[in-house]
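Asks: Residue numbers for the sequence shown, in this note's numbering: 2 to 188. Even glycine gets a Cβ: it sits at the ideal position worked out from N, Cα and C.
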Amino acid sequence: GPSGSGKTTLAENLSMRLLTYKYFNTDKKLYYPPGVITHAELIDVAHRDPAKYMEFCQRIINSRLAVYNTNENIVMDRGLLDVWVYAILQIGHLMTSAQTKALFELCSVTPTGRYLIVLTEPFSEVEDNHVRIANPHYQDMVSTLFQSYSRKMYPNHNIYRPSQVSREPLIEQVSKYVIWATKDQPQ
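#1: My assumption, with CB atoms under 8 Å, is that residue 76 sits in contact with residue 24. Please give the rounded CB distance.
#2: Which one or two residues does DSSP pair with residue 23 in a beta bridge?
#3: Is it a yes or a no for the segment 7 to 20 touching the segment 51 to 59, going by three-plus beta-carbon pairs under 8 Å?
#4: Could you pull out every residue in the same chain whose Cβ sits closer than 6 Å to the Cβ of residue 51, ignoring the five residues on either side in sequence?
#5: From the DSSP output, in three-state form, read off residue 39 for me.
#6: Assuming the contact rule is C-beta atoms closer than 8 Å, residue 90 and residue 143 should be a hit. Round their C-beta distance to whole Å, please.
#7: Hey, how far is the Cα of residue 79 from the Cα of residue 67?
#8: Are the CB atoms of residue 118 and residue 175 nearer to each other than 8 Å?
#9: Using three-state DSSP, classify residue 11 as helix, strand or coil.
#10: Could you give the DSSP three-state label for residue 70: helix, strand or coil?
#11: Have a look at residue 120 and residue 4 and give me their C-alpha separation to the nearest angstrom.
#12: Assuming the contact rule is C-beta atoms closer than 8 Å, residue 2 and residue 105 should be a hit. Round their C-beta distance to whole Å, please.
#13: Do you know offhand how far residue 108's Cα is from residue 152's?
#14: Since residue 65 and residue 27 are thought to touch, with beta carbons under 8 Å apart, how far apart are those beta carbons, to the nearest angstrom?
#15: So residue 180 packs on residue 18, CB below 8 Å; how close in whole Å?
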């Protein structure tokens with residue numbers, strides 16, 4: 002989901018409730034190019050050097066796939082869908098059709114036995130930590146891309162769309178659903 006939609010809060014909550022699962026922080030800032038600290042700076046890199054941005058995307062994809070493939074009982078706060086959404090948003094207009102298709106296929110991978118939760122709306126009470134893009138129009142565009150591509154990339158998945166009221170009730174609602182959905186299911 003987009004910035005401020007509750008991904009990290011939900012992942013931490015689920016790992017505490019599902020005691021056999023550990024939380025794995027997939028913070029993309031760990032993969033930022035040297036000297037880049039904020040999302041706005043990363044966007045600037047994307048516009049100045051699309052190849053460097055694609056290297057950044059590839060590092061994130063490789064890292065997340067490695068985590069998927071080597072850990073069974075994990076809860077992650079981000080997947081591959083966000084790599085796709087932000088790449089299309091930042092450099093999609095510069096990518097060839099072949100590059101776009103290859104990235105789409107890479108980002109469409111969902112390991113078997115995994116659940117995917119897509120949170121599509123940021124909360125209005127998101128803190129301004131000077132790292133996120135605060136522009137509500139930008140966040141609306143990101144949310145729309147998450148909604149659209151979650152259906153295109155994962156057409157065979159049931160997509161649970163919680164009613165987003167505010168952060169804490171949402172986290173509680175989704176946590177209860179995931180625990181219910183995973184009960185007595187092979188992991």
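Replies: Walking through what the data contain:
#1: With a contact defined as Cβ atoms closer than 8 Å, residue 76 and residue 24 qualify at about 5 Å.
#2: Beta-bridge analysis with DSSP links residue 23 to 75.
#3: Taking 8 Å as the limit for Cβ pairs, the verdict is that the segment 51 to 59 does not touch the segment 7 to 20.
#4: Cβ neighbours of residue 51 beyond the five flanking positions: 92, 95.
#5: Residue 39 falls in the coil class under three-state DSSP.
#6: About 7 Å separates the CB atoms of residue 90 and residue 143; that is less than 8 Å, so the two are in contact.
#7: Cα to Cα, the separation comes out at about 14 Å.
#8: Taking 8 Å as the cut-off, the Cβ atoms of residue 118 and residue 175 count as close.
#9: Secondary structure of residue 11 (DSSP, three-state): helix.
#10: Looking at residue 70 - three-state DSSP - the assignment turns out to be helix.
#11: So the two alpha carbons sit approximately 10 Å from each other.
#12: A Cβ-Cβ separation of about 19 Å leaves residue 2 out of contact with residue 105 under the 8 Å criterion.
#13: Take the alpha-carbon of residue 108 and the one of residue 152: they are about 13 Å apart.
#14: Taking a contact as a CB-CB distance under 8 Å, the pair residue 65 and residue 27 counts as one, their CB atoms being some 6 Å apart.
#15: The pair is a contact, with the Cβ atoms about 6 Å apart (cut-off 8 Å).
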